[in-house]
Structures are given as structure tokens and as C-alpha cells.
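The numbering of the sequence shown is this note's numbering, which starts it at 7 and goes up by one.
Glycine is no exception: its CB is placed at the ideal position from the N, C-alpha and C atoms.
Quantities reported herein were computed from a predicted structural model and do not represent experimental measurements.
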Amino acid sequence: MHIVLHQPEIPANTGNIGRSCVATGTELHLIEPLGFVLNDKNIKRAGMDYWEKLKVSRYVNYEEFLEKHPGATIYYATTKAHKRYDEVAFGPDDFIMFGKESAGIPEEILVDNEENCIRIPMLPEIRSLNLSNSVNIVLFEALRQQGFAGMEEHGQLHHLQWK
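Structure representation (C-alpha cells):
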């Protein structure tokens with residue numbers, strides 16, 4: 007799987023998303039401009055010691071991202087979509103794009119990709135969810151659809167054993 011952040015603004019969100027990507031074997035793609043310096047201590051704090059294990063790519067703009075991934079299936083997460091995120095069948099090589107915290111994905115991109123726009127249902131008086139929460143909701147649905155391939159099925163206790 008691939009998570010794409012279009013012009014993210016808040017380093018803690020990007021750090022949290024990076025940590026989730028490391029935990030799930032997901033690649034992170036960042037489309038500039040970023041609202042922070044990539045080596046910002048807040049990203050490393052949110053991502054803890056996982057940031058160095060993250061497979062991350064940067065792009066100057068959306069056009070460069072498209073050029074580097076011709077023919078890719080890209081889903082665009084937006085509160086304005088007609089289709090819910092659980093109504094699509096995600097593939098293991100799909101990209102899921104999320105927009106910047108203050109404005110989302112630019113509408114020019116959304117209208118050109120209406121069929122691949124997806125949303126998380128929520129009450130109408132709520133503008134949006136936190137970006138890192140939204141990424142996790144959609145990412146884990148995509149991974150669930152694929153049977154959590156390659157992921158550990160259960161964890162080990164620190165001091166005791168399961169019966």
C-alpha cells in the first residue's frame with residue numbers, strides 16, 4: 007500500500023502517519039510544499055525511532071508524483087466524496103491520497119478523479135477528522151481487505167505467556 011500526503015502542514019500528523027506506515031509496511035509519499043522541515047524534531051518525536059525505517063518519497067508537486075507513478079490506482083480521501091471508503095476494493099499497490107489539514111486535496115484534483123474519491127462517514131456538523139486518524143481508518147480497511155498480508159497475527163506478552 008501507499009499513503010500520499012498532499013502538502014501536509016502539521017509535523018506531528020506526518021510523524022504519526024509515518025509510524026503507522028512503518029508498522030504496516032506501507033510506503034509514504036509526500037507532495038510539497040510541506041508546512042515544516044522534514045527533519046523537524048516534532049516528526050521524529052511523533053514517529054519515535056521508527057522514522058529511519060520509513061520508506062518515504064518526496065515530490066516537488068502533484069504533477070511530478072503522477073509522472074513517477076503512471077497508471078497507478080489512486081484513491082482521493084475527501085469529506086466531499088459520494089463514495090464511502092469501505093465501498094471500494096483496495097489492491098496491494100494502490101495509493102490513497104490525503105490533503106493538507108487546513109484545506110484537503112485541491113478541488114481541481116478532486117473533480118478530475120471523482121470516481122476514485124472516497125470519504126469517511128461522519129455527522130454533518132463535523133468538518134473533518136484529524137489527518138492521522140483518517141489515514142489510519144482508511145489504511146487499515148485497505149489492509150483488512152487484503153487479509154493483513156505479511157502482518158503478525160498476534161503479539162507476545164513481555165513477561166508472561168498466553169495460555
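Within the same chain, H8, V10, A78 and I80 come within 6 Å of F101 by CB-CB distance, once the 5 residues on both sides are set aside. Annotated three-state conformation of I126 is coil, per DSSP. Put simply, the segment 54-64 does not touch the segment 99-114. Fewer than three CB pairs are less than 8 Å apart. Straight-line spacing of the CA atoms in A18 and H165 works out to 32 Å. Residue pairing of I37 in beta bridges, as defined by DSSP: H12 and Y65.
Between I126 and the set L137, N119, V117 and L34, the nearest pair of CA atoms involves L137.
A straight-line Cα-Cα distance of about 27 Å links R90 and E73. For A83, the beta-bridge partners assigned by DSSP are I124. F104 carries a strand assignment under DSSP once its states are collapsed to helix, strand and coil. No Cβ-Cβ contact shorter than 8 Å links C27 with L36. The DSSP assignment places 137-151 as complete runs of the alpha helix (DSSP H) inside the segment 133-160, in order along the chain (cut-off: 4 residues). Counting of Cβ neighbours within 10 angstroms places N22 among the buried residues, the total reaching 16 or more.
Annotated three-state conformation of K59 is helix, per DSSP.
Cβ atoms of T30 and L145 come within 8 Å of each other, at about 7 Å. For N119, there is no enclosing alpha helix (DSSP H), as DSSP gives it neither H nor E.
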